[in-house]
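To start, the structure itself, in structure tokens.
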Amino acid sequence: MEKDIFCKIIDGEIPCYKLYEDNDVLAFLDISQVTKGHSLVISKKHYDNFLTIPKEEMHKVMDVAQLLGQVAIKFMGAKGVNILTNCYEEAGQTVKHFHVHVIPRYESTDGFILEMKNNAEGLNLPAIANFVKENLK
Ligand code: 5GP
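Just so we're aligned: 481 in the numbering used here is position 85 of the sequence shown, and the numbers increase by one with no gaps anywhere.
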């Protein structure tokens, strides 16, 4: 199977601006820099996304994402941070290797648009809540 781009970065076949590395986790600057300092935190072992990675390994990635978010606020002048991970193409995932975006936010017009529209009208919220709750069991 063809290696994905992040596996190639882990193996040193593609360069990156490395921010953090340990046995399980790698963090580096996202090439697209949605905002200044936009970084990616990835698991070194290949998993497709957040929904398929084992919990312990996911937690290690999230620990590093938290640290990078704290650095953005403390030292980079960010006033906010978006931590996000896309699962599957329909949700905007373009690289099929679990990764978390850490996107420092300097002001609301800094170029990153996260639109959370209110589409609740007409939905049966009690029924949806019950359905999800039942399936959590
Ligand atoms: P996704 O859309 O899958 O959530 O995010 C993938 C991210 O990987 C994108 O933000 C994109 O800019 C970044 N990316 C893709 N290829 C490379 C690369 O070769 N190097 C780096 N540093 N980032 C990459």
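Glycine included, C-beta positions come from ideal geometry on N, C-alpha and C.
Quantities reported herein were computed from a predicted structural model and do not represent experimental measurements.
Residue i - DSSP class collapsed to helix/strand/coil
i	result
Ala474	coil
Glu485	helix
Glu511	coil
Val491	coil
Ile479	strand
Leu415	strand
Val421	strand
Pro500	strand
Buried versus exposed, by CB contacts within 10 Å (16 or more), residue i
i	result
Thr481	buried
Leu464	buried
Leu422	buried
Gly518	exposed
Ile427	exposed
heavy atom of the ligand 5GP below 8 Å from residue i C-beta
i	result
Val491	yes
Ile524	no
Val477	no
His442	no
Option in the options with minimal Cα separation from residue i
i	options	result
Tyr502	Met397, Phe471, Phe527	Phe471
Glu398	Ile509, His493, Leu510, Asn445	His493
Ala487	Gly465, Leu510, Gly476	Leu510
His455	Met512, Ala525, Asp420	Asp420
Val437	Phe508, Ile524, Asp459, Glu485	Asp459
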